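Since the structure comes first, as structure tokens, the remarks are kept for the end.
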Amino acid sequence: MSLPPSNNYQSTAASKDINQTIVNALTAKNFNETLTIIVNQCRQLSDANQVTLSYAPDGDFNNTIQAHSFSEKYKEYNPLDLQLLNGEIFRDLQRANKSRRKTQKELVAHSIWKNKEIFKDHSCLKHPQVCGYLITPIRAIDNSIIGALLFSDKITGDFTLRDTKRIEQLAGVIARAFDLQMHQEKIDQLLKSLTKQQRLLEDQKQELKKRATDISYLSKHDELTGLDNRSALKEKLQWSISMAELNHQILAVVMLDLDHFKLVNDSLGHQAGDKILITIGTRLINSVRQADIVARHGGDEFVLVLNDQSSAAATLNLLQRTLEDIQQPIQYANQEINVTCSIGFSLFPKDGQDAETLLKHADTALHQTKKDSRGQFSFFRPEMQKELQERVSLETELRHAVQQNEFELHYQPQVDMNSGNIIGLEALIRWQHPRLGVIPPAQFIPLAEEIGLISQIGEWVLKTACQQNKSWQNEGHSKVTVAVNFSAKQLMQTNIVQLVNNVLSESGLEARYLVIEITESLSMTDPETTITIMQALKTLGVKISIDDFGTGYSNLSYLKRFPIDEIKIDRAFVKDITTDPHDLAITKTIIAIAHCLDLKVIAEGIETQSQLALLIQQKCDMMQGYYFSRPLTAESCSQLLVENPSIKLDEIRQNKYQRSLLIVDDEKRILSSIKRLLRPLKLNIFEAENAEAALELMALHKIDVILCDIMMPGMDGIEFFSRIHQMYPETTRIILSGQTNFNVATDAINRGAIYKFLTKPWKNDKLCSEIEAAFRHHEASFEQRNESVE
């Protein structure tokens, strides 16, 4: 018998032990402690060889089977395969649990022998050394079976009904402890979940506080630069106005806009653009006082509020320094970015009494600056309002013009300065305004660039010019090139190469008859990107020309890398080339550099024969200007191509040598007298009554000796000879003056590199001999120069 005699069960001590065990088990800290208490009680009540407790906490006997086994007397003996036994018993219990059959046979503890019929199918219970088993189910609070308590005995196998009840009582304690444990676990999980949710709520609370702080900050500050934004600007500006009014002070509102920022942003990327904006914001803060206001108004616009200005002049001085600070190069990705800005400003109380008016007037002044000359500043004037209204109206009409196709192209011929024939045409857009008539490009192209219409207009120009040139070729005219100007935005289009290729294909024009003109300043905005685009365009077979050369950066290190065909000298240098030695020197240098780089040179803006003659002397390749033809409509240009006129260059070139003398004097009688006196010398004599006319003659003719008076209206003889010395150093120069002052003579000699200084009145023989000697000196110097060259 595996349990103590039944009279022991009835003893008070035994009952107290059982009851105390039940109390201890139910009040245990956790389920494992409950099992430990039950195990100890079983050891006290039973001398069975093996006690096995198996249970499935979730009621799934197939997936969750746990076993606790213990033996007091025979620790070394374990007669059963517990895992197999538990599996077979639990399958029976599972079937019973599903059917809710509560028979004595299957669900109540039994005192049995191993040969009893009930366990005949359980091979694991047919162990030769086991005499009997006592099995009792463990039920959950809903009466479902979640486990079993098994006692096995190899001695007698005799378990009494009292044994059964004791064991059932222990099984009930296990079940209750399990329920309490499950509830405790649920409570613990719930507490953990609540604690976690509390932490999440606290984190969300902190995040909301941070967001509220960020929102409050961003509502008053620009996210990128950290400067005040529009909202904060208006509040602070209105406060500053109130203080200025109270203290009778002048306040300046300055609107600042970065020039061509979008081009930089598009070509270098938004990171470069952000770097520029942040840097400019920092420079602006450093350029003003702490009491002043710096705000980002949006995009590339900034606003300064300068408090307590002593005068408009003081504001101008500050803005001049600000311009200089901003124009300092910005380092980005191993390259320098040059940034300029345009500024407009208004003053309180003169230009407005409230924030909105002052900002509006400062913006009006800014637009005027951008219209007149970028990179400068303007102060508000009342008449600007009318101009701004006209500009707004023009903007509306320009958009309408694009839709209604109110544009047309004019063509200006380009002439070869070796043959005198037309070799090309430049396409120049005109706006046929229904009310204002013809509007030149200088008045609407900058506006088109500003409002984003330039790409659309530029594409129309390209298509029209190519189609027209192909049409002229089909009509049998001489094949000439057509030059089309590309704007900055148009050149930087991602599809520009494909666009040019498509236009050439659609028009049928060969690529070699298309010249793309790019301004020098545009080419140097982002030279590396420009080179890449130029190379891609060159692969199509088109020609590339640098327009307005000399007015931009003129970076020679990039010029030699640009895959270009020709350079176009800007009209600003051509205009005064016959009178300004600096313009002539620049022109000479440009031509020399271009020829060294195997580039052709075209001079634009030629209006006089003297300009043309001087450029021929400098070996310029091509010319364009009013001297040959104004820009013509397509119809007039067709007629010109039919007539095919040319410039008679032989009449302009100075091939045949003859001694040439230029006499400059404001008195006609002097000119006539000297001319008669020198007639026997058989000279080619030119005469001019002032220095300006003399310079024109110098450009048209090859002059060897110059005889000039000092005292003349306008440019005097000393200044005239100073220019001649720079522009035509090979000439021989003689002063003939009534001034005998030593200082005047010395100044004339030092500044003009004078060969001789003669005085009025002169002796005829003496003057003739001096002129003859001057020609011999000139010819000797000429021979020496030739020998040194050889």
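According to the numbering used here, the stretch in the sequence shown is residues 336 to 1125, in order. Every residue gets a Cβ at the ideal spot worked out from N, C-alpha and C, and that includes glycine. These numbers come from a predicted model, not from an experiment.
N- and C-terminal bounds of the beta strand (DSSP E) containing residue i
i	result
P748	F742 to D751
E761	I757 to H768
A587	I585 to L593
L1031	Going by the sequence as given, residue 1031 is Glu instead of Leu. First-last for E1031: A1026 to L1035, but that is the alpha helix (DSSP H), not the beta strand (DSSP E).
T1134	Residue 1134 cannot be examined here, being either before or after the span of the chain that is shown, 336 to 1125.
Within 8 Å, strictly: CB atoms of residue i and residue j
i	j	result
R716	D594	no
K805	S754	no
S880	E845	no
Q946	A1034	yes
E939	Q952	no
I921	F897	no
I509	I473	yes
L701	S677	yes
T565	H632	According to the sequence as given, residue 565 is Arg; it is not Thr. Yes, the Cβ-Cβ distance between R565 and H632 is below 8 Å.
D1039	R994	yes
L1032	F1021	yes
V638	S575	no
L1042	I1069	yes
L976	W807	yes
V838	K873	no
N673	P664	yes
A690	K555	no
S296	T864	Since the displayed the chain opens at 336 and closes at 1125, residue 296 lies outside it and no answer follows.
Range covered by the alpha helix (DSSP H) that runs through residue i
i	result
L984	L984 to I987
L1006	K1003 to L1012
G772	First-last for G772: G772 to I774, but that is the beta strand (DSSP E), not the alpha helix (DSSP H).
N979	No alpha helix (DSSP H) holds N979; DSSP gives it neither H nor E.
G608	H605 to S622
D707	A690 to D707
S842	I831 to S842
E863	P862 to K873
F1056	G1052 to M1062
P916	P916 to C931
K1098	Note, K1098: premise wrong, no alpha helix (DSSP H); not H, not E.
E794	I789 to N809
Per DSSP, the bridge partner or partners of residue i
i	result
V819	I851
A630	D563 and V638
N1019	S995
F683	L586
R1068	I1041
F712	I678
I881	I853 and I902
Q666	E671
Q644	I585
H556	D563
Neighbourhood of residue i by C-beta, 7 Å cutoff - its chain only, sequence neighbours within 5 removed
i	result
Y961	E942
V796	L744, A762, I764 and V819
C955	M752, I926, V936 and A938
Contacts around residue i, its chain only, beta-carbon distance under 6 Å, and the 5 residues preceding and following it disregarded
i	result
N397	Unreliable placement is indicated for N397, whose pLDDT of 44 sits below 50; no coordinate value is reported for it.
H445	In this prediction, H445 has a pLDDT of 34, which is less than 50 and means its spatial position is unreliable; what the coordinates show is noted afterwards. None.
I792	A783
V850	T816, A818, K878 and S880
K571	I628
I774	W766 and H768
P776	I764
V998	Val is not the amino acid found at residue 998; the sequence shown has Ile there. The answer, listed in chain order, is L1006, I1009, E1022 and L1042.
R821	Per the sequence presented here, residue 821 reads as Phe, with Arg not at that position. For F821, where only same-chain residues beyond five positions count, the Cβ hits under 6 Å are I851 and I853.
8 Å Cβ shell around residue i - same chain, five flanking residues per side excluded
i	result
P1048	D1001 and N1025
T704	S677, I678, G679, Q711, F712 and S713
I944	Looking at the sequence provided, one finds Gln at residue 944 rather than Ile. The residues are Y962, I987 and L1035.
Q825	I789, S790, G793, E794 and I831
N621	D660
Minimum Cβ-Cβ distance from residue i to chain B less than 8 Å
i	result
T704	Of the chains in the structure shown, none is chain B; there is only one protein chain.
heavy atom of the ligand FAD below 7 Å from residue i C-beta
i	result
Q573	With respect to small molecules bound, the structure shown includes none, and the ligand FAD cannot be examined in it.
What residue ranges within the stretch 933-974 form continuous beta strand (DSSP E) runs of no fewer than 3 residues, ordered along the chain?
935-939 and 957-959
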